[in-house]
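Just so we're aligned, residue 1 is where the sequence shown starts under UniProt numbering, counting upward by one.
The beta carbon of each residue, even a glycine, is placed where N, CA and C say it ideally should be.
Worksheet: one structure, shown below.
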Amino acid sequence: MAFEVPVTPRRVKVYELQHENWHDRGTGFCIGDVVNEEAYILVKSEEEIDRLLLEAKIYKEVQYQKQQDTLIVWTDPDETDLALSFQEGEGCAAIWEFITEVQKHLGLDDNQSEEGNDIQNGSISLPPEPTLGALPDIERSLTLASHTQYGRDSITRDVQDLDYIGKLIPLLSMAEDLESLPDLHSLCRIMKLIILMNDNTILEQILLDEYIVGVVGILEYDPEFPTHKANHRDYISDGSRFKEVVPIPDNAIRNKIKYTFRLQYLKDVVLARLLDDPTFSMLSSMIYFYQVDILNYLQHNEEFTSELFGIFRKMKEHGAQQTIQKKRDAVRFIHQFCLTAKNLQPQQRSFLYTSFVKKGLFDVIDFALRDDIPNVRIAGTELILSIIDHDPSFVRSVVLKKANENTSIIDTLIDLLLTETDFGVTSQVSEAIQILLDPTSGQPLEALRKTADMFLRQRPDDPEIEIFLDSFYSQSVQRLFQNLADLQSSDKLKNMSLQVAALYGCLCDLVCAFIRLHGYRSRSFFVESNVLANISQLFGSSHKSLRLAALRCFRQCLGTNDEFYYRFLIKKKLFSPVVDLLVEVGSRNNLLNSACLEFFEFIRARNMKTLVTHVVELYREQLEKLAFFETIRSLLLRYDQLHDDSMPTSDIALADAKLTGIPGRGNGLRDLASDEDEYFNTSDDEEDQLLEEPVETGAVNFPEPSGVKARGTSDASEADGDLIIDLPSAPVGDETIGPSVGISEALQSNESLETVNETVKWLSRVKRQAAYAISPDSEPTSLTPLQVLGEKRRRDEAKQDDDDELVKLSSKKTRSGGFSPKSPSSSSAAQGSNATTTKKGFLSSVNKKISISFGSKRFKDKEEAPK
């Protein structure tokens, strides 16, 4: 490429536009570079010379703008808005010349169109003196020139050199006098094309007093709306909009304030529909840098700031020496000042707020919040919110330092919340109080340097917030929630105005926030002051939003996992309005219905046994009417499971752990019972494959407990050290033991009651789990005595063992109504037909040796048992 590459490093700051705010990417040194016939702008960090802050390729189609002699702004093809702010104008000029030469070269290499070459060769130019008759030719030339960067540069030079804007403005009056609408529309299109050339010099010229009114007047006649005409000139010419609360001695700063206002109006109103991305970026950057210059001057001008904040001090010290209107104007000025400061970097904002607070910013806010005019109160609210959003801990520290004064800013916010009628102010004040009293909010500057979790993990304990909360709960909280504490059930709730409903809604939101954030402090206050109990009265309101707000408060109590709140809700019967509300809304598919169902689903899913019992026992009749909801059916089922004596406690606990899904809960129980689960989950087909022959008799052998000897045990059996309980397999008389046999009969037919009880206690002591399968060939219509005995054991153990460490003697379902009709003499010969099914691994948790006897044959080891 035949052009000079700037290799001299130029000190520069790199900015990137993010969410309409310019963010500083760092300071470095800028040079040009050419690699493989491609030109780049490089910026190397001044702190780490090997680190590149910017590596931007120069494109032919990208529109670059040079502003204020030290700025270059553009939008990359990936739609990233970038700006280079040079320390010296010389460096900016060198890089700008490099960019221009590169784009010219790229345009020539791409064989521009004949019209584009005509522009470069100077064959197309603007008429020296514009007239109404020449407007079509002027519009055509501007349209052709806008296609290339070189054409734009050529035309912008002509516009500046010929003072073309100044020559077009008189044509507006001529066209209006002639009522020539086509000429007015043509003038508007020409002015738009000139502005969209994206040249900051032209824009700065438009902002001047002698041009701005004429330019916006031309733009009033938009050809896209031929029957409508705007009144931009009236708005711009209104001098009352610019007020000097305190005289600004520097004329340059005064002009920049005016220019900023005019740029904002052009960007947001006049050109809002026309702006392309490059032009929008250029206007935004001009506004930003104007604002930075204004803020830097004003905040460092001690004389100006002292006089500004002195307006409030003088009235406070010497009486009404200043008018109320003067103070209101000062509030509006400071409000605009602080809103503009949001565009600054966080460090600059912190310095500004600290400086203003020292000079009396909170006196300004206090006055604004107590003023009679709504827009002044709104300005004061936005002021305090801007500071709180930036750094809540800073505001808390200021409040604590002024604790000895009559009123603090938190008291002023509370008074405003309780008396304000404007919905917007009420919500903003509520938000400000919540952020100010949030102990998790901390220094934002530190958070910017760290990731979110690192910041939360490393944030040190803040004793200041504890002192602040103690002060709030001892002095201010009662006044904040007094309306809820005094709330009574009456017809007034049904006819509540929107303003009052909005207030109670904000108070309910604060209750939710305080329950979540303040722990024991809020719990003690809300319970002792009856605030929480009185919130239930809001369910009688006709405003659905207020009923939802009350429900959110109770739902927040459930989410705390605090038994204290649970007992309080039960004691005051605060579930009653929630049940009544669900009955009222019924099956209607709305937010109230969904919120109520989620409320009860939370109770069921978390297995809050106390709450489940309370709700179902007191409101079962109403809940059964709502059983068409899956949530309510599940809640009733959960209650039945909890109060079913026939269901072992361990089974309920295991089911609860699976339903709740809480990590770690019930894991130990599941590990102990994994083999048992496998046993019960096996299908009947698998059992049929294992049970080849019916079982006539069964005996279970355990190591002998002291003092227990089974009936019918031989000496040889006793010598082996095993206890054998032989269950008779033959019918008793002509009757078969079946489901109608009672517990006492079963015990009488098998073993004495004392022996069985002692055996059960011994089994509980060694914590064994076993399963016995008896599967005759006949149809499943009866229970064996062993099954009846096991059922009694389970019920006794469920009542006695609070730790859920129970002995489970579970039996398979029998497929027979009784034992096979065989003679007793065939018992010893039936070894081949006797079988039992022991699930794999089911006896693995038994700590002592268990032997299984089938008739006259005994398997002492687990491996010997039939598989």
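In whole angstroms, what separates the C-alpha of residue i from that of residue j?
i           : j           : result
residue 777 : residue 630 : Legend: pLDDT at residue 777 = 40, less than 50; position of this residue unreliable, no value from coordinates given.
residue 101 : residue 52  : 24 Å
residue 600 : residue 594 : 10 Å
residue 392 : residue 198 : 41 Å
residue 625 : residue 426 : 41 Å
residue 266 : residue 580 : 57 Å
residue 111 : residue 148 : Confidence in residue 111 is poor, its pLDDT being 44 and thus under 50, which makes the residue's placement unreliable; the coordinate value appears in the next sentence. Their backbone Cα atoms lie some 12 Å apart in a straight line.
residue 240 : residue 290 : 22 Å
residue 142 : residue 157 : 12 Å
residue 395 : residue 351 : 14 Å
residue 200 : residue 68  : 8 Å
residue 869 : residue 180 : The structure shown has nothing for residue 869, since the chain only spans 1 to 867.
residue 66  : residue 196 : 14 Å
residue 146 : residue 276 : 13 Å
residue 238 : residue 268 : 18 Å
residue 512 : residue 188 : 56 Å
Of the choices the options, whose alpha-carbon is the least far from that of residue i?
i           : options               : result
residue 488 : 536, 81, 501 and 469  : 536
residue 7   : 20, 21 and 33         : 33
residue 133 : 524, 201, 268 and 168 : 168
residue 541 : 261, 498 and 76       : 498
residue 49  : 31, 72 and 58         : 31
residue 278 : 82, 339 and 264       : 82
residue 249 : 298, 263 and 241      : 298
residue 260 : 284, 370 and 275      : 284
residue 213 : 166, 242, 251 and 193 : 166
residue 61  : 336, 75, 288 and 23   : 75
residue 57  : 42, 305 and 584       : 42
residue 479 : 412, 518 and 421      : 412
residue 367 : 397, 9, 334 and 504   : 334
residue 10  : 28, 18 and 22         : 28
residue 19  : 475, 154, 280 and 486 : 280
residue 528 : 477, 559 and 549      : 477
Within its chain, find whatever has a CB closer than 7 Å to the CB of residue i; leave out the 5 residues flanking it on each side and keep chain order.
i           : result
residue 557 : 515, 565 and 569
residue 183 : 132, 135 and 175
residue 216 : 232, 233, 236 and 270
residue 502 : 423 and 426
residue 85  : 12, 13, 15, 70 and 71
residue 26  : 14, 45 and 53
residue 104 : 150
residue 307 : 246
residue 24  : 13, 15 and 345
residue 534 : 484, 485 and 487
Going along the chain, which residues of its own chain have a beta-carbon closer than 8 Å to the beta-carbon of residue i, five neighbours each way excluded?
i           : result
residue 131 : 171
residue 326 : 245 and 311
residue 78  : none
residue 524 : none
residue 390 : 346, 349, 350, 353 and 444
residue 282 : 65, 67, 73, 198, 200 and 203
residue 378 : 422, 424, 425 and 428
Could you tell me whether any non-hydrogen atom of the ligand FAD is closer than 7 Å to the CB of residue i?
i           : result
residue 211 : Questions concerning the ligand FAD fall outside what the structure shown contains, since it holds no ligand whatsoever.
Assuming residue i and residue j make a contact with CB atoms under 8 Å, what is their CB distance in whole Å?
i           : j           : result
residue 311 : residue 330 : 5 Å
residue 64  : residue 126 : Incorrect: roughly 22 Å between the Cβ atoms, too far for contact.
residue 190 : residue 138 : 6 Å
residue 435 : residue 441 : 6 Å
residue 633 : residue 627 : 5 Å
residue 483 : residue 507 : 7 Å
residue 615 : residue 575 : 5 Å
residue 430 : residue 510 : 6 Å
residue 309 : residue 410 : Actually they are not in contact, since the Cβ atoms of residue 309 and residue 410 sit about 22 Å apart, beyond 8 Å.
Does any residue of chain B have a CB that is nearer than 8 Å to the CB of residue i?
i           : result
residue 195 : Going by chain labels, chain B is absent from the structure shown, which holds only one protein chain.
Taking 6 Å as the limit between beta carbons, can you name the residues of its chain near residue i, skipping five residues before and five after?
i           : result
residue 572 : 533
residue 639 : 612 and 616
Complete runs of the alpha helix (DSSP H) confined to the segment 402 to 430 [at least 4 residues] = As far as the segment 402 to 430 is concerned, its whole alpha helix (DSSP H) runs of at least 4 residues are 409 to 419.
What residue ranges within the segment 166 to 238 form continuous beta strand (DSSP E) runs of no fewer than 3 residues, ordered along the chain?
-> You should have found no qualifying run.
For the segment 236 to 267, which segments carrying the alpha helix (DSSP H) assignment without a break, of at least 4 residues, lie completely within its bounds, in sequence order?
-> Look at the segment 236 to 267 and you find these whole runs of alpha helix (DSSP H), each 4 residues long or longer: 251 to 265.
Curious, which full-length alpha helix (DSSP H) runs of at least 4 residues does the segment 519 to 591 contain?
-> As for any alpha helix (DSSP H) of minimum length 4 sitting wholly inside the segment 519 to 591, the runs are 520 to 528, 531 to 535, 544 to 559, 563 to 571 and 576 to 585, ordered along the chain.
Go through the segment 330 to 365 residue by residue and report every complete run of the beta strand (DSSP E) that reaches 3 residues or more, in order.
-> If we require 3 residues or more, the segment 330 to 365 turns out to have no beta strand (DSSP E) run fully inside it.
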